[in-house]
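See below for the structure under consideration.
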Amino acid sequence: MADSSMNETLLSEQPKVKRKDFSKNRNHAATAPAYFSVWDLHAYYGESYIVQGISFNVHEGEILALLGRNGAGKTSTLRAIARMDEPMLTHGEIWLDHQHLHDRKSYEAAQLGMALVPEDRSIIQGLTVEENLQLAQIAPPLGWSLDRVYDLFPRLKERRKQEGTTLSGGEQQMLAIARALVRDIKVLLLDEPYEGLAPVIVDEIEKTLNIIKEQGITTVIVEQNAVRALQLADRAVILDTGSVVYDGSADEVLENEALRNEYLAI
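Mapped onto UniProt numbering, the consecutive letters of the sequence shown carry residue numbers 1 to 266.
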C-alpha cells in the first residue's frame, strides 16, 4: 500500500499551473448546509496545484469515505482541512457546527472540535500510553475521560504503563484514536487507519468507529482499502487528480463495479 508521500510525489510531477485569483469568491457560503461542510477547497504545495475545488458535506454522526487512487489528493485534502501544512496555500470555506474554520490555525481548529489522526499516528516517543493520553487532555475543553477511553479500548488499559511507540501497529492506531477522543472532538479525520494492519485488527477498529458514530461524532476516513472503507461508510466522495468525480451513497459504489474500476482500481 503506497503511503501519502508517494501521493504528493505523483501530484508534484503534474505540470505547474498559474495560481488562480480566488478573491472574488471569498465568503460565498454565508451558512453551512450541513454539520461539517467543505466548499470549493483549493490547495497548492509550492507551484503544484493539488486540491482543485473540492466540495462535500457530512452530517452529524455520519461516516464519509474519501477515496481515490494514489495521487488523487486525499491526504492533501485532509491536511488542508485540518490546517496542518503552513506552506500549503489554500482557499475555500470550511464549516463545523456553524463555526467557520478556514482562516483558523491548526490549534484553533482543534479547539473547535476537529482532530486529525495522520497515517504515521504520531505517537510521542518516550511517553507511556497513559502519558500520551494525559498530554492530550492538558488543554481544555476536555472530552472523554480515561476510564471511558479504556472501556472502549481494553488493550490500552492493559498496556497503559507501556511506552506508546512499542505497541503493535493496531494498538498504536487505537491509541491515536483514543488520544483524539480525550479532546472534545466533533469531527475525526482518519488518514489510512488500516495501513499495515491484519484483517482481525481492522475489524476491531471498525467496531470502534461504529461506536464513535453512535456518540454523534462525524468521521471522514481516507483509506486505500476502498471496499473495507465503503462497507463502513454511509457515503463516499471519490477524488481524481484533485477534483471530486463522485459524491453519493457508499453502497452505490460497492454495487457499481465500472465506477470502482475507473477511479479506484490499482
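We put the CB at the ideal spot given by N, CA and C, even for glycine. Since the model is a prediction, treat every value here as computed from it, not as a measurement.
Cβ distance (whole Å) where residue i is taken to contact residue j below 8 angstroms
i, j, result
"threonine 75", "isoleucine 54", "That belief does not hold up - the Cβ atoms of threonine 75 and isoleucine 54 are roughly 13 angstroms apart, past 8 angstroms."
"phenylalanine 36", "valine 244", "Rounded, the Cβ-Cβ distance is 15 angstroms, inconsistent with contact."
"isoleucine 177", "leucine 67", "No, isoleucine 177 and leucine 67 are not in contact; Cβ-Cβ is about 20 angstroms, not under 8 angstroms."
"glutamate 130", "arginine 160", "4 angstroms"
"isoleucine 94", "threonine 219", "No, isoleucine 94 and threonine 219 are not in contact; Cβ-Cβ is about 16 angstroms, not under 8 angstroms."
"glycine 196", "glycine 169", "5 angstroms"
"serine 186", "isoleucine 217", "A small correction: the amino acid at residue 186 is lysine; serine does not occupy that position in the sequence shown. About 7 angstroms separates the two Cβ atoms, so the contact holds."
"aspartate 234", "alanine 250", "6 angstroms"
Cα-Cα separation, residue i to residue j
i, j, result
"histidine 42", "proline 193", "24 angstroms"
"glycine 46", "threonine 241", "17 angstroms"
"leucine 232", "alanine 226", "10 angstroms"
"leucine 181", "glycine 143", "6 angstroms"
"alanine 65", "glutamine 162", "33 angstroms"
"serine 122", "histidine 98", "29 angstroms"
"serine 12", "arginine 179", "Any reading at serine 12 is ruled out, since the residue's pLDDT is 41, under 50, leaving its predicted position unreliable."
"asparagine 261", "glutamate 158", "43 angstroms"
"asparagine 27", "valine 38", "Only weak support exists for where asparagine 27 lies, its pLDDT of 40 falling under 50; the coordinates are left without a value."
"proline 199", "glutamine 224", "14 angstroms"
"residue 280", "glutamine 173", "With the chain covering only 1 through 266, there is no way to say anything about residue 280."
"alanine 236", "valine 51", "17 angstroms"
"glutamate 60", "tyrosine 246", "21 angstroms"
Residue i versus the options, residue with shortest Cα-Cα distance
i, options, result
"leucine 96", "Met88, Gly164, Glu108", "Glu108"
"isoleucine 211", "Gln172, Asn256, Arg148", "Arg148"
"asparagine 70", "Val222, Ile63, Gln111, Asp151", "Val222"
"alanine 136", "Ala115, Asp191, Glu252", "Ala115"
"leucine 167", "Lys207, Thr128, Leu190", "Thr128"
"aspartate 184", "Arg155, Leu264, Ala110, Arg235", "Ala110"
"proline 118", "Tyr44, Ile81, Glu60", "Ile81"
"histidine 102", "Leu133, Gln224, Asp251, Arg83", "Arg83"
"leucine 175", "Ile124, Gly216, Lys213", "Ile124"
"threonine 90", "Leu259, Tyr44, Tyr263", "Tyr44"
"aspartate 151", "Thr208, Ala229, Leu189", "Thr208"
Collapsed DSSP secondary structure at residue i in the structure displayed
i, result
"alanine 233", "coil"
"glutamate 93", "strand"
"tyrosine 263", "helix"
"asparagine 25", "Only weak support is given to the placement of asparagine 25: the predicted model assigns it a pLDDT of 41, under 50, and the value that follows is read from those uncertain coordinates. Asparagine 25: helix per DSSP, three-state reduction."
"alanine 65", "strand"
"alanine 43", "strand"
"aspartate 251", "helix"
"aspartate 103", "coil"
"glutamate 195", "coil"
"isoleucine 238", "strand"
"valine 38", "strand"
"lysine 16", "Because lysine 16 carries a pLDDT of 41, less than 50, the predicted location of this residue cannot be relied on, and the following value inherits that uncertainty. It is coil, neither helix nor strand."
"tyrosine 246", "strand"
"alanine 258", "helix"
"threonine 31", "Because threonine 31 sits at a pLDDT of 44, beneath the cut-off of 50, its placement in the model cannot be relied upon, and the following sentence gives the value as read from the coordinates. Threonine 31: coil per DSSP, three-state reduction."
Start-to-end residues for the beta strand (DSSP E) that takes in residue i
i, result
"valine 220", "218-222"
"glutamine 215", "Note, glutamine 215: premise wrong, no beta strand (DSSP E); not H, not E."
"alanine 115", "114-117"
"serine 106", "Taken as a continuous stretch (DSSP letters only), serine 106 belongs to no beta strand (DSSP E), being part of the alpha helix (DSSP H) at 106-111."
Extent of the continuous alpha helix (DSSP H) run through residue i
i, result
"residue 284", "Residue 284 is absent from the model: the chain starts at 1 and stops at 266."
"asparagine 132", "129-136"
"glutamine 52", "Glutamine 52 -> not in any alpha helix (DSSP H); beta strand (DSSP E) instead, spanning 48-58."
"tyrosine 150", "146-152"
"leucine 181", "169-181"
Distance cut-off 8 angstroms: residue i Cβ against heavy atoms of the ligand COA
i, result
"aspartate 97", "The ligand COA is not part of this structure, which contains no ligands at all."
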